[in-house]
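Working notes, beginning with the structure itself.
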Amino acid sequence: LSGSSARKLRRSGANLLGGRALRFTLFPLVSAEIPDFDLHRALNNGLLPRHYLVADPSKRIQSYIGDYLQQEIVEEAIVRQLDAFTRFLQVAALSNTEIVNYTNIAQDCGVSAKTVKEYFSILEETLLGFYLPAYTKVIKRKLIQSPKFYYFDVAIPNHLLHRKTLQPGTDIYGHALEHFVVQELRAFVSYTFGADKIMNYWRTLDNKYEVDVLVCDALTNKVDVAIEVKSADHVVSSDTKGLKAFSEEHPETKLILLSMEERPRMLNGIEVWPITQFLQKLWSGKVLD
944 LSGSSARKLR RSGANLLGGR ALRFTLFPLV SAEIPDFDLH RALNNGLLPR HYLVADPSKR
1004 IQSYIGDYLQ QEIVEEAIVR QLDAFTRFLQ VAALSNTEIV NYTNIAQDCG VSAKTVKEYF
1064 SILEETLLGF YLPAYTKVIK RKLIQSPKFY YFDVAIPNHL LHRKTLQPGT DIYGHALEHF
1124 VVQELRAFVS YTFGADKIMN YWRTLDNKYE VDVLVCDALT NKVDVAIEVK SADHVVSSDT
1184 KGLKAFSEEH PETKLILLSM EERPRMLNGI EVWPITQFLQ KLWSGKVLD
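Going left to right, the sequence shown walks through residues 944 to 1232 as this note's numbering numbers them.
Right, dumping it as structure tokens:
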């Protein structure tokens, strides 16, 4: 269930058959479900089936967002100021893959920070977006505590911002690539491990070091794998600084750097993988166990 139906179930405290029903989340398509998977198409079209499979999904995405605003927000009277909420969707798209700053977003939307928090809750409860929490276990360096935010599908923020076709080598393409990897990992972790594993990101308080995504044991908080995503077709030593800093505090963690390179290799003790080959390893069970 998505949209207001999912929100109603949460808010009403539905007993879901007295605890006898299992909860299972269905995500957009993943690479393993698509023959001849095209990464560039996925970043531009998104991975909802009706969007990925057409040459130009812009009208379908526009209809999808319009239906969401009309049927889930207006008709259910979830927000009072539709104009402000519509503006919020665009500002949230600008903040997609970034650490959430409620105050700054509130200023851009012309509403209070409290209202912005409520708007994010609406996106989360209607399954249109999700938080990636910060990893907060301090070992040596002080860490940022605030979460990042992602729309549930990689194409949504780019459409909200009226961006044209994403081109490799641009910052926007890099953000979309990171979003896609997080989206893919989120589906894999949920389908494979359920609630036994969780995902975080890691960034030091001084902003010197960051790792895009961690996959951790939910019970022990042990980090199984740390993954950094780069859109470059050739990565260098400086691209590994975040992973190396993380490894100083978590020496047992597997370190992976994803890029647009053509072949896997090792760099400073870190596995460098072409993204498409990594996805094949991931879904064949060779990355996490």
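Cβ coordinates follow ideal geometry from the N, Cα and C atoms, glycine included.
Please report the Cβ distance between residue i and residue j, rounded to the nearest whole angstrom; I am assuming they are in contact, meaning their Cβ atoms lie under 8 Å.
{"i": "Asn988", "j": "Pro1000", "result": "5 Å"}
{"i": "Gly1072", "j": "Phe1095", "result": "6 Å"}
{"i": "Val1166", "j": "His1193", "result": "5 Å"}
{"i": "Ile1099", "j": "Ile1042", "result": "Incorrect: roughly 19 Å between the Cβ atoms, too far for contact."}
Sort the options by Cα distance to residue i and report the nearest one.
{"i": "Leu986", "options": "Ile1082, Phe970, Pro1111", "result": "Pro1111"}
{"i": "Phe980", "options": "His1105, Tyr995, Gln1033, Leu1128", "result": "Tyr995"}
{"i": "Lys1159", "options": "Ile1170, Asn1150, Glu1153", "result": "Looking at the sequence shown, residue 1159 is not Lys but Cys. Nearest of Ile1170, Asn1150, Glu1153 to Cys1159, Cα basis: Ile1170."}
{"i": "Glu1153", "options": "Ala1077, Pro1194, Val1215", "result": "Ala1077"}
{"i": "Thr1029", "options": "Glu1041, Thr1040, Leu1012", "result": "Leu1012"}
{"i": "Gly1228", "options": "Asn1211, His1177, Phe1136", "result": "Phe1136"}
{"i": "Ile1082", "options": "Thr1040, Leu1128, Glu1191, Arg966", "result": "Glu1191"}
{"i": "Thr1113", "options": "Ser1202, Ala1175, Val1022, Arg993", "result": "Ala1175"}
{"i": "Asn1211", "options": "Ser1180, Ser1006, Gln1024", "result": "Ser1180"}
{"i": "Glu1195", "options": "Lys1173, Asp1182, Asn1164, His1177", "result": "Asn1164"}
{"i": "Trp1226", "options": "Glu976, Leu969, Gln1005", "result": "Glu976"}
Going by beta carbon distance, what residues of the same chain come within less than 6 Å of residue i, once the five residues before and after it are set aside?
{"i": "Val1230", "result": "Lys1224"}
{"i": "Lys1197", "result": "Val1168"}
{"i": "Pro971", "result": "Leu990, Leu991, Asp1096"}
{"i": "Asn1150", "result": "none"}
{"i": "Phe1031", "result": "Cys1052, Tyr1062"}
{"i": "Lys1085", "result": "Leu1148"}
Apart from the five residues just before and just after residue i, which ones in its own chain have a Cβ nearer than 8 Å to its Cβ?
{"i": "Ala1138", "result": "Ala1161"}
{"i": "Ile1115", "result": "Asn1101, Arg1106, Leu1109"}
{"i": "Lys1060", "result": "Tyr1045"}
What are the partner residues of residue i, as DSSP defines its beta bridges?
{"i": "Glu1121", "result": "In the DSSP output, where bridge partners are listed per residue, Glu1121 has none listed."}
{"i": "Tyr1144", "result": "Ala1077"}
{"i": "Glu1214", "result": "Ile1199, Met1209"}
{"i": "Ala1175", "result": "Paired residue(s): none; Ala1175 is not in a bridge."}
{"i": "Ala1169", "result": "Leu1157, Leu1198"}
{"i": "Tyr1094", "result": "Gly1072"}
Excluding sequence positions up to five away, which residues of its chain have a Cβ less than 7 Å from the Cβ of residue i?
{"i": "Thr1184", "result": "For clarity, residue 1184 is Lys in the given sequence; the question names Thr instead. Taken in chain order, the residues that qualify are Tyr1152."}
{"i": "His1122", "result": "Asn1039, Thr1040, Tyr1093, Val1097"}
{"i": "Val1132", "result": "Lys1140, Met1142, Val1158"}
{"i": "Gln1220", "result": "Pro1207"}
Let me see if you follow: with CB-CB separation under 8 Å, is residue i close to chain B or not?
{"i": "Lys1080", "result": "In the structure shown, chain B cannot be found, because there is only a single protein chain."}
Which residue spans inside the region 1040-1092 form an unbroken beta strand (DSSP E) run of at least 3? 1072-1075
What are the start and end residues of each continuous alpha helix (DSSP H) run of 4 or more residues lying completely inside the region 991-1042, in chain order? 992-995, 1001-1010, 1025-1037
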